[in-house]
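Encoded as structure tokens, the structure appears first; notes follow it.
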Amino acid sequence: MNSNCNNASLGVYVPTTSSPWNSKKIKHLYKRVAFGISPADAELLLGENPAEVVDALIDEALAKPLMAKPSWADDFDPANPVDIEPRREWWVTYLQAMFENGLRDRLSFFWSNHFVTGIQGYQCPSYMYRYTRSLQTKALGNFKTFIHEIGLESAMLSYLNGNQNTKNRPNENYARELYELFALGEGNGYTQIDIEETARALTGYNRRDSRCSPFYFVENNFDNEDKTIFGRTGNWGYDDVIDILFEERGAQVAKFIVEKLYKFYVHPELPQNPTIINELATTFESGGFEIVPVIRQLLKSEHFFSVDTTDVIIKSPVDLFLTFYKDAALVPPDRDYMLNIFRWARLSNQVVLEPPNVAGWQRDKDWISSPTLITRWTYLERIVRDQFRLNEDQFRSLALSITGPSGDVEYVSRSLVDWFLPADLLSLQDYENALDVFKSDAVPENYYEDGTWDLDYEAVPKQVCLLLTHIVKQPEFQIK
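All residue numbers for the sequence shown refer to the numbering used here, where the first residue is 11 and numbers rise by one.
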């Protein structure tokens with residue numbers, strides 16, 4: 011992966027002649043914060059103010075309704091807790107929420123890879139529902155409140171053994187991950203003694219009334235003696251731990267979280283100029299750990315819109331499949347087909363709401379290997395061909411929305427290629443190869459010369475279909 015050479019500031023991006031607000035910047039924004047944008051919708055934004063577009067995206071995300079509560083959400087004593095049907099239903103519902111809601115649920119998905127749990131660790135659909143509801147409601151909220159709430163979710167208590175943490179047998183698992191993975195970073199500002207003392211303060215959340223009902227606090231299981239955490243001594247409990255963490259290590263928390271957000275939105279490598287992270291961390295800490303001000307500052311910035319931020323992040327499987335639908339303006343997948351996308355993402359090593367371990371997916375280069383690359387190609391091509399069978403003429407409409415009416419086959423071919431890729435193909439020969447695919451045997455060569463061919467020609471949908479199956483196999487298509 012390229013090193014991060016972006017020296018642009020966090021000042022608000024204002025279009026200039028050398029850095030215009032154009033379709034490339036619009037696509038860049040929507041690929042990072044949502045799941046792409048159609049050519050027609052991108053065209054509508056060309057006359058808008060970039061900062062106002064970002065504000066509108068965030069404001070819309072804040073207003074989004076939550077996913078509908080499923081019928082089994084309050085089934086605390088299911089006959090078969092490992093039944094696959096509720097999980098399958100929720101996987102599809104969550105994928106559809108991401109596809110439809112863009113920024114809010116793309117960010118909630120980010121947090122699922124930060125505050126990691128997995129249903130294999132708790133086997134209760136009701137826990138899965140409450141955990142994802144927490145991700146949705148807090149994705150753009152207050153991080154201190156978020157970390158407080160997520161630690162008491164039954165999914166988390168089960169997954170990291172908080173439900174086994176009692177005064178007689180303290181379990182350090184959650185205390186360790188609270189500092190190492192959720193708030194501070196490995197070895198950053200805490201000691202083994204802090205972990206041990208924090209584990210004692212987190213005791214007592216052990217009881218539930220039925221197999222899948224929520225855990226609650228039991229006074230008799232709580233360690234009621236003094237503990238010393240980050241140099242402060244008292245009979246601390248759960249609420250105290252969170253308060254002490256943010257009071258004594260607030261600067262470290264702020265830096266750790268904005269670094270993760272930066273890598274998610276901007277570049278897998280941190281900027282060489284430490285000012286960028288320091289300014290974002292100051293915004294975060296001084297704003298009481300509200301997430302939205304950091305997101306607004308980052309996404310509106312010259313830094314975010316710099317050319318050095320494009321084509322540097324490898325798409326995750328979920329990102330790859332869902333973004334393709336948006337960018338190609340395809341008929342949205344129905345619930346049955348969304349389950350296929352879930353399965354194809356799983357075959358590409360991304361199981362929705364089930365990261366491989368508590369450290370989560372490491373993302374970027376870890377997504378790509380010889381087997382997973384072939385899987386990605388195979389199922390993208392499957393989507394193209396299934397969509398062609400579903401509605402051929404949408405492929406003609408795609409070309410028209412990108413180029414307008416045209417009889418210039420080279421222009422149409424190159425425009426389609428450039429729409430789907432964040433940067434130019436490596437060589438002119440690559441464009442020639444794409445053009446050969448686009449021309450196809452369905453159209454006599456002289457038709458391109460004598461004016462017979464244009465985008466109204468009967469073979470155009472097939473030509474666009476063939477070109478898309480070629481584009482999705484290009485290395486540049488795997489990045490954003």
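The C-beta atom is built at its ideal place from N, Cα and C for all residues, glycine as well.
Here the structure is a predicted model, which means the values were calculated and not measured.
Pick out whichever of the options has its Cα sitting closest to the Cα of residue i.
{"i": "S13", "options": "L39, I323 and G46", "result": "I323"}
{"i": "N216", "options": "E58, G247, Q174 and L191", "result": "Q174"}
{"i": "S311", "options": "R345, P278, A338 and Y272", "result": "Y272"}
{"i": "R98", "options": "M138, M108, I252 and E468", "result": "M138"}
{"i": "N230", "options": "T176, D204, Y421 and F487", "result": "T176"}
{"i": "K336", "options": "W121, R306, M108 and V268", "result": "M108"}
{"i": "W101", "options": "R210, V447, N350 and E58", "result": "N350"}
{"i": "D329", "options": "Y189, Y458, D115 and E279", "result": "D115"}
{"i": "L150", "options": "S423, E163, L477 and F119", "result": "F119"}
{"i": "A73", "options": "P96, V43 and N111", "result": "N111"}
{"i": "N66", "options": "A50, A444 and V43", "result": "The sequence shown places Ala at residue 66, not Asn. Here the closest residue by C-alpha is V43."}
{"i": "T292", "options": "L117, D84, K265 and L426", "result": "K265"}
{"i": "V419", "options": "Y457, D440 and D396", "result": "Y457"}
{"i": "I68", "options": "A339, T319 and Q307", "result": "Q307"}
{"i": "V276", "options": "Q282, H313, I267 and G298", "result": "H313"}
{"i": "T155", "options": "G417, L438 and G298", "result": "G298"}
{"i": "E190", "options": "I129, E455, G247 and V263", "result": "V263"}
{"i": "L10", "options": "P343, L162 and R373", "result": "Coverage of the chain is limited to positions 11 through 490, which leaves residue 10 absent and any answer about it impossible."}
{"i": "P49", "options": "Q202, G161, L290 and S425", "result": "S425"}
{"i": "Y40", "options": "P60, G21 and P30", "result": "P60"}
{"i": "D93", "options": "I129, E455 and C15", "result": "I129"}
{"i": "K270", "options": "I305, F225, F256 and Y248", "result": "I305"}
With residue i and residue j assumed to form a contact (beta carbons below 8 Å), what rounded beta-carbon distance in angstroms separates them?
{"i": "N183", "j": "N198", "result": "Between N198 and N183 the Cβ distance is about 19 Å, and since that is not below 8 Å, they are no contact."}
{"i": "G414", "j": "H124", "result": "That belief does not hold up - the Cβ atoms of G414 and H124 are roughly 43 Å apart, past 8 Å."}
{"i": "G46", "j": "T333", "result": "4 Å"}
{"i": "N152", "j": "E58", "result": "The pair is not a contact, with the Cβ atoms about 30 Å apart (cut-off 8 Å)."}
{"i": "Y132", "j": "A165", "result": "5 Å"}
{"i": "D236", "j": "T243", "result": "6 Å"}
{"i": "L477", "j": "E289", "result": "Actually they are not in contact, since the Cβ atoms of L477 and E289 sit about 43 Å apart, beyond 8 Å."}
Do residue i and residue j have their C-beta atoms within less than 8 Å of each other?
{"i": "E295", "j": "A261", "result": "yes"}
{"i": "L357", "j": "T385", "result": "yes"}
{"i": "I157", "j": "F192", "result": "yes"}
{"i": "T479", "j": "E402", "result": "no"}
{"i": "W463", "j": "V453", "result": "yes"}
{"i": "K483", "j": "S450", "result": "no"}
{"i": "W82", "j": "S168", "result": "no"}
{"i": "I287", "j": "V302", "result": "no"}
{"i": "A245", "j": "N17", "result": "It should be noted that the sequence gives Asn, not Ala, for residue 245. Cβ atoms of N245 and N17: not closer than 8 Å."}
{"i": "P180", "j": "R218", "result": "no"}
{"i": "V427", "j": "I481", "result": "yes"}
{"i": "L113", "j": "A52", "result": "no"}
{"i": "L435", "j": "E468", "result": "no"}
{"i": "D374", "j": "P281", "result": "no"}
{"i": "R140", "j": "E163", "result": "yes"}
With a threshold of 6 Å on Cβ separation, who are the neighbours of residue i within its own chain once the five nearest residues in sequence on each side are excluded?
{"i": "W429", "result": "I412"}
{"i": "T208", "result": "A185, I239 and V251"}
{"i": "D321", "result": "P432, A433 and I489"}
{"i": "T103", "result": "M77"}
{"i": "P365", "result": "N123, V126 and W371"}
{"i": "K35", "result": "F315"}
{"i": "L340", "result": "Q397"}
{"i": "A355", "result": "P327 and V328"}
Please list, in chain order, all residues of the same chain as residue i whose beta carbon is under 7 Å from its beta carbon, the five residues on each side excluded.
{"i": "C475", "result": "V394, F398 and F405"}
{"i": "W410", "result": "The question names Trp, yet the displayed sequence has Leu at residue 410. So the list reads L465, once near-sequence residues are dropped."}
{"i": "T382", "result": "S358 and N359"}
{"i": "V470", "result": "R406 and A409"}
{"i": "M348", "result": "V102, L105 and Q106"}
{"i": "G195", "result": "F266"}
{"i": "L55", "result": "I36 and V63"}
{"i": "F274", "result": "F120"}
If I measure Cβ to Cβ from residue i and keep anything under 8 Å in the same chain, skipping five residues before and after, which residues do I get?
{"i": "R221", "result": "F86, D87, P88, P91 and C134"}
{"i": "L76", "result": "R143, Q146 and T147"}
{"i": "G241", "result": "E258"}
{"i": "K325", "result": "T333, W377, Q488, I489 and K490"}
{"i": "G461", "result": "G417"}
At a cut-off of 7 Å, is residue i close to the ligand FAD when judged by its beta-carbon and the heavy atoms of the ligand?
{"i": "G247", "result": "What this structure holds is no ligand at all, so the ligand FAD is not there to describe."}
Taking 8 Å as the CB-CB limit, is residue i close to chain B?
{"i": "I287", "result": "This model lacks chain B altogether, as it is built from one protein chain only."}
Segments assigned alpha helix (DSSP H), at least 4 residues, entirely inside the region 364-423:
380-400 and 403-413
Segments of 4+ residues assigned as alpha helix (DSSP H) that fall wholly inside the region 264-305:
285-296
Taking only runs of the alpha helix (DSSP H) that begin and end inside the region 54-110, which ones reach a length of at least 4 residues, in chain order?
60-73
Length-filtered (4 minimum) alpha helix (DSSP H) runs lying within the region 213-260
248-258
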